[in-house]
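Trainee: Start counting the sequence shown at 8; every next residue gets the next number (my numbering).
Structure in C-alpha cells, see below.
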Amino acid sequence: SVKKASVTQQREKEYRRQESQERSRLEEPVRIEIIMTITALVCVLLILSYVNLCGVVGTFINQLLFGLMGIFTYIFPFVLFFFVAFYLSNRSNRVAKQKLLSGLACLFLLTGLIQLIAGIDENRKFFDYYVYCSDNKCGGGIFGAAIAVPLAKLFGTVATAVIIAALMIVFILLLTGKALFRAISRA
Numbered sequence: 008s009v010k011k012a013s014v015t016q017q018r019e020k021e022y023r024r025q026e027s028q029e030r031s032r033l034e035e036p037v038r039i040e041i042i043m044t045i046t047a048l049v050c051v052l053l054i055l056s057y058v059n060l061c062g063v064v065g066t067f068i069n070q071l072l073f074g075l076m077g078i079f080t081y082i083f084p085f086v087l088f089f090f091v092a093f094y095l096s097n098r099s100n101r102v103a104k105q106k107l108l109s110g111l112a113c114l115f116l117l118t119g120l121i122q123l124i125a126g127i128d129e130n131r132k133f134f135d136y137y138v139y140c141s142d143n144k145c146g147g148g149i150f151g152a153a154i155a156v157p158l159a160k161l162f163g164t165v166a167t168a169v170i171i172a173a174l175m176i177v178f179i180l181l182l183t184g185k186a187l188f189r190a191i192s193r194a
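What follows is the structure, given as C-alpha cells:
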C-alpha cells in the first residue's frame with residue numbers, strides 16, 4: 008500500500024512535469040512574439056524621438072543615444088530589431104551568438120570610425136564628446152570617442168583609421184565565416 012502510494016505520487020509528479028513542459032513549449036512562440044512586439048514598439052518610439060514626436064521622454068532618449076553613439080543613433084532602431092530577432096531565432100546556437108557579438112563589435116568600431124571622420128579635438132575632454140554629439144547630433148558619440156581618441160593619440164589619425172578598418176574586417180570575417188583573401192584570389 009505504501010509502495011502503491013509512492014508509485015502513484017511519482018507518476019503524478021512526472022505527469023505534472025510533462026504537462027508543465029508541454030505548456031511552456033506552447034507558450035514559447037507567444038513569448039517570442041511578445042518580445043518582438045515590445046522590441047518593435049521601442050524601435051518605433053526611438054524613431055519618433057528623433058523627430059521630436061515622443062514628448063519629454065523622447066527628448067531624453069534622443070539626447071542620451073546621440074551622446075552615446077552619435078549619428079549611428081539614426082540606424083540603431085533597425086539594428087536593435089534585427090539583433091533581437093536574430094538572437095531569439097538562434098538562442099541555442101553558439102555560432103550564431105558569436106556572429107551576434109562580432110556584429111556588435113563591428114558596429115562599436117563603426118562609431119569610432121565615424122568619430123574619427125568627424126574629428127578629434129585634442130583640447131576636448133572625454134565627456135565633452137558626449138555633450139557635443141548629443142547637442143549637435145553628429146560624430147560617433149562617447150562610444151566612438153572611447154575608441155578613436157586614445158588610438159589617435161597613440162597612432163595618429165590615418166593609422167587609427169587603418170587599425171579600425173582592419174579590426175572591422177576581422178569582425179566581418181567572423182560574422183560571415185567567409186575567407187576574404189581566398190575569395191579575392193579566385194577572382
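Built from N, CA and C at the ideal position, the CB exists for glycine as well.
Mapping DSSP to helix, strand and coil, what is Lys132?
Mentor: For the purposes of this step, residue 132 is identified with residue 125 of the sequence shown, where counting begins at 1. Looking at Lys132 - three-state DSSP - the assignment turns out to be coil, as it is neither helix nor strand.
Trainee: Pick helix, strand or coil for Ile41, following the three-state DSSP scheme.
Mentor: In the sequence shown, counting from the first residue as 1, residue 41 sits at position 34. Note: Ile41 maps to helix in three-state DSSP.
Trainee: List in chain order: all unbroken alpha helix (DSSP H) runs of 4+ residues lying wholly within the stretch 73-136.
Mentor: 83-96 and 101-125
Trainee: Suppose you measure from the CA of Ala168 to the CA of Gln25; what does that come to, to the nearest Å?
Mentor: In the sequence shown, counting from the first residue as 1, residue 168 sits at position 161. In the sequence shown, counting from the first residue as 1, residue 25 sits at position 18. The alpha-carbon atoms of Ala168 and Gln25 are separated by roughly 56 Å.
Trainee: Near Val91, what residues of its chain come up, given a Cβ to Cβ distance below 6 Å and the 5 sequence neighbours on each side ignored?
Mentor: Indexing the sequence shown from 1 puts residue 91 at position 84. Thr46, listed in sequence order.
Trainee: Are the stretch 64-78 and the stretch 133-148 touching, with three or more C-beta to C-beta distances below 8 Å?
Mentor: yes
Trainee: So for Lys185, helix, strand or coil by DSSP?
Mentor: The count along the sequence shown starts at 1 and reaches residue 185 at position 178. Here Lys185 sits in coil by DSSP.
Trainee: In the DSSP assignment, find the unbroken alpha helix (DSSP H) run with Lys160 in it and report its ends.
Mentor: Residue mapping note: residue 160 aligns to position 153 of the sequence shown, counting from 1. That run of the alpha helix (DSSP H) goes Gly148 to Phe162.
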